[in-house]
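Asks: Taking the numbering used here, I'd label the letters of the sequence shown as residues 398 to 808. No residue lacks a Cβ here, since even glycine has one placed at the ideal position from N, Cα and C.
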Amino acid sequence: MEAPLTLQILEFNSKVMQEELQKLGRKVNHYEENIRFLKSELNAVEESCADLGIKIGNYYSSMAAIANNDTSVEEAEQRTIQSILNQDETAAGIICQLKVRHYQHASKLPLMKDVLGIVATLGKVNDDNLSRILSEYLGLDNMLGVVCKTYDGVKGLETYDKEGIIDKTSGVHGLGRTIGKFLDGRFTVFCLENIRPFSGDFMIDDPQRKLLLHKPRLPNGEFPAGFLGFAVNMIHLDQKNLSCLTAGGHGLRETLFYSLFSHLQVYKTRAEMRNAIPLINDGAVSLDGAILRPNGSFCLGTRTNLGIKFPVTVNLGVSNLPGTITELEEQVKHKNWEKERLLEDMKRQEDLLSQAKDLFSKKKQQLMEYLTQPAMVQRAQGSPTIHSPATPGSNPFGARPPHLRTFSNSI
């Protein structure tokens, strides 16, 4: 009768040991999940701090420029329009001239109703250096690109005869002839409904509906020095261009400008951009003139002046900011407080995780030693009578029979 009793004790002990090991494993998983959640919260807070820092910088520069009576929105737009009008033998120049100088006639033309505008006129920026580098990055053809809402508008811009030859009396070619301008050569047209829109989320409570893009991070979790943001989010849009321009309800940022810039990063200086190259996947530019293309090629040499650039008006977005700089700075303080709390919580969870892992390792080692006793090995090799290795009275983990067991809440 001793053998069955011994087997019962062995099986009971091994079962208790495995159950406690499983409980510790669940605790390890629990602490790891908590740490992952806290890290995601910390990343969100750090990104908010970075965004607020950029807004504060823009706020101060805008206030200084306004005090110096810098260019108004209207003046900046007029400069860009005039630069397009100077390109009078391009599709953009012809369309712009019709809208500006022959508005009554142009507004009645079916062809013009689907034309939203020219790329250079559909967005604004708050820094001249940013305007110059983004314009140079896109190139003249893209800056003078005609933007249509639907493919019907694209087809209306140019028609062909039976032999596939361009009909110079219709479309934008015919419109040019009515004002004494003759279009020659290629021109770029963007069709919003044919552009695959950005599929991610938008920044919460952002009146400009900026895209929620993941900022680059160094191995230590910090943002690279000089990183100012993503070009697609640094374009300011008028209210009418923010949403519902396509049948799917998409606006210019997530269609046109995302197709042009994608995840293009903007840095303050060339040196800072170069230091961040390992973190750049879709190209980057710097305010002092550096360009790194998405294919990995660098644009070197003397900068070119396209003559066409986005309107620059430094007080952009000031009306969308809180009433005073104090409110912005209070938001930064609150975010820093949140960051400190998250770091404290993370430290506690990491300590608990370390303790749980250490205890798990010790218990696992005890279980392995218990299972490798001669009697247990004998049972594992097929003994018909011994089911678990142990000597009578052995009790690893301090296990007790069910009627004597007590549980501890400690790890």
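#1: Considering only their Cβ atoms, is the gap separating V663 from K527 smaller than 8 Å?
#2: Need the endpoints of the alpha helix (DSSP H) that I530 sits in, please.
#3: If you reduce the DSSP assignment to three classes, tell me which class G648 lands in.
#4: Do the stretch 756–769 and the stretch 414–431 touch if we need at least three Cβ pairs shorter than 8 Å?
#5: Can you list, in chain order, the residues of its chain with a C-beta nearer than 8 Å to that of M743? Leave out the 5 residues immediately preceding and following it.
#6: Can you give me the start and stop residues for the alpha helix (DSSP H) that V569 sits inside?
#7: Please determine, among S411, F409, E416 and N426, the residue with the shortest C-alpha to C-alpha distance to L749.
#8: Give the single residue among E766, A473 and L653 whose Cα lies nearest to the Cα of V544.
#9: Should E533 go down as buried or exposed, given a rule of 16 or more other Cβ atoms within 10 Å for buried?
#10: Quick one: what's Q728 bridged to in DSSP?
#11: Going by C-alpha to C-alpha distance, which of A644, G542 and G571 sits closest to T556?
#12: Going by the beta-carbon positions, is the gap between V682 and D524 smaller than 8 Å?
#13: In terms of DSSP beta bridges, what is S596 paired with?
#14: Would you mind reading off the limits of the alpha helix (DSSP H) that contains F658?
#15: According to the neighbour-count rule (16 or more other Cβ atoms, all chains shown, within 10 Å of its Cβ), is E443 buried or exposed?
#16: Please classify L519: is it buried, with 16 or more other beta-carbons within 10 angstroms of its beta-carbon, or exposed?
#17: Helix, strand or coil: which one does DSSP assign to L608?
#18: Are the CB atoms of A687 and L661 within a distance shorter than 8 Å?
#19: In this structure, does DSSP put I810 in helix, strand or coil?
#20: Pull up the distance between the alpha-carbon of R583 and that of H611, whole angstroms please.
#21: On the three-state DSSP scale, how would you describe A681?
#22: Which residue wins for smallest C-alpha separation from E472, given the options K521, G553 and L639?
#23: Using the three-state DSSP reduction, which class does Q484 fall into: helix, strand or coil?
#24: When you compare only the Cα positions, how much space is there between V413 and E737?
#25: In whole angstroms, what separates the C-alpha of T666 from that of P621?
#26: Beta-carbon separation of R811 and S640 under 8 Å?
#27: Can A489 and I515 be called in contact, C-beta distance under 8 Å?
#28: Please look up how many angstroms separate the CB atoms of D679 and S659, rounded, as I've assumed it's under 8 Å.
#29: Just how far apart, CA to CA, sit H784 and N410?
#30: Three-state secondary structure (DSSP) at G582?
#31: Can you look up I515 in the DSSP assignment and give me helix, strand or coil?
#32: Taking the straight line between their C-alpha atoms, what separation do you get for G561 and C588?
#33: Might you give, ordered along the chain, the residues of its own chain that have their beta carbon closer than 8 Å to the beta carbon of L642, omitting 5 neighbours on each side?
#34: Along the chain, where does the beta strand (DSSP E) that runs through G626 open and close?
#35: What is the rounded straight-line gap between the Cα of N702 and the Cα of M631?
Replies: Once the coordinates are examined:
#1: A quick correction: the sequence has Leu, not Lys, at residue 527. Note that the C-beta distance between L527 and V663 is below 8 Å.
#2: Residues D525 to L535.
#3: When secondary structure is reduced to three states using DSSP, G648 falls in the coil class, being assigned neither helix nor strand.
#4: Because the criterion of three Cβ pairs below 8 Å is met, the stretch 756–769 and the stretch 414–431 touch.
#5: If the five residues before and after M743 are omitted, its C-beta is found closer than 8 Å to the C-beta atoms of I432, L435, K436 and L439, all from its own chain and listed in chain order.
#6: Counting along the chain, the alpha helix (DSSP H) containing V569 begins and ends at G568 to T575.
#7: Ranking S411, F409, E416 and N426 by Cα distance to L749 puts N426 first.
#8: Taking each of E766, A473 and L653 in turn and checking the Cα distance to V544, the smallest one comes out for L653.
#9: A buried status is given to E533, since no fewer than 16 other beta-carbon atoms sit within 10 Å of its beta-carbon.
#10: In DSSP, Q728 forms no bridge with anything.
#11: Minimum Cα distance to T556 is reached at G571.
#12: No.
#13: According to DSSP, which records beta bridges pairwise, S596 is partnered with nothing at all.
#14: Element bounds for F658: Y655 to F658.
#15: Around the beta carbon of E443, 16 or more other beta carbons lie within 10 angstroms, which makes this residue buried.
#16: It is buried - the Cβ of L519 has at least 16 other Cβ atoms within 10 Å.
#17: L608 falls in the strand class under three-state DSSP.
#18: No, these two residues do not count as a Cβ contact at 8 Å.
#19: With the chain covering only 398 through 808, there is no way to say anything about residue 810.
#20: Each residue's Cα considered, the two are about 37 Å apart.
#21: When secondary structure is reduced to three states using DSSP, A681 falls in the strand class.
#22: Selected option, being the one with the closest Cα: K521.
#23: Coil.
#24: In this model, V413 and E737 are separated by some 41 Å (Cα to Cα).
#25: The straight-line gap separating the alpha-carbon atoms of T666 and P621 is approximately 12 Å.
#26: Here the chain has residues from 398 to 808 only, and residue 811 is not among them.
#27: Contact: yes.
#28: About 5 Å separates the Cβ atoms of D679 and S659, confirming a contact at the 8 Å cut-off.
#29: Residue placement at H784 cannot be trusted, given a pLDDT of 40 that sits under 50; what the coordinates show is reported in the next sentence. Rounded to whole angstroms, H784 to N410 spans 12 Å at the Cα level.
#30: For G582, the secondary structure class from DSSP, reduced to helix, strand or coil, is coil.
#31: If DSSP states are grouped into helix, strand and coil, I515 belongs with the strands.
#32: One alpha carbon belongs to G561, the other to C588, and they sit about 22 Å apart.
#33: Non-local C-beta neighbours of L642 in its own chain, meaning closer than 8 Å and more than five positions away in sequence, comprise L513, K546, L589, G648, L649 and T652, ordered along the chain.
#34: Here the beta strand (DSSP E) through G626 covers F624 to F627.
#35: Approximately 21 Å between the Cα atoms of the pair.
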